[in-house]
Amino acid sequence: MIHKGVNKMSTFLDKYGFIGVVSLGITYIIRNATDHADALEKMIQKLKEGNWEIVNVTDQFLITAKRNEIEITVTIEIAQYADAMI
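The sequence shown finishes on residue 99 if you use our numbering, and the numbering steps up by one all the way, no holes.
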């Protein structure tokens, strides 16, 4: 899940230190979503459950979230559309 990888990086950075803001770009595929708006709501909920602060949400289905100087930008794709792109 998205939180596990980012949490590991956050723990590493907290332990060894870093300068500035770490920025990650992630494409997250949501399964069982009826449309992109539903997928967006589900992703925002997942981020909030992981204690991420939602900084920005765009109409292109990009979410920017921040926690402990780590900033991530998540692109939302629905599984059926993502499968069609492969």
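Virtual Cβ for every residue (Gly too), placed ideally from N, Cα, C.
It should be emphasised that the depicted structure is a prediction, and the values quoted were computed from it without experimental measurement.
Going along the chain, which residues of its own chain have a beta-carbon closer than 8 Å to the beta-carbon of W65, five neighbours each way excluded? Cβ within range, chain order: A78, K79, R80, I85.
So, at 7 Å on beta carbons, what are the nonlocal neighbours of T71 in its own chain, with the 5 sequence-adjacent residues on each side left out? The answer is none, since no qualifying residue turns up.
How far does the alpha helix (DSSP H) with E54 in it extend, from its first residue to its last? In the DSSP assignment, E54 falls within the unbroken alpha helix (DSSP H) covering 49-62.
Quick one: Cα of I76 to Cα of G63, how far? Annotation: I76 to G63 spans about 14 Å, alpha carbon to alpha carbon.
Quick one: grab the DSSP three-state call for T71. T71: coil per DSSP, three-state reduction.
For chain C, is any of its Cβ atoms less than 8 Å away from the one on R44? This model lacks chain C altogether; it includes just one protein chain.
Going by alpha carbons, who is nearest to E82 out of F74, I43, V68, R44? E82 has its Cα closest to that of V68, out of F74, I43, V68, R44.
Tell me whether the beta-carbon of K55 lies closer than 8 Å to the beta-carbon of A46. In terms of Cβ geometry, K55 and A46 form a close pair [threshold 8 Å].
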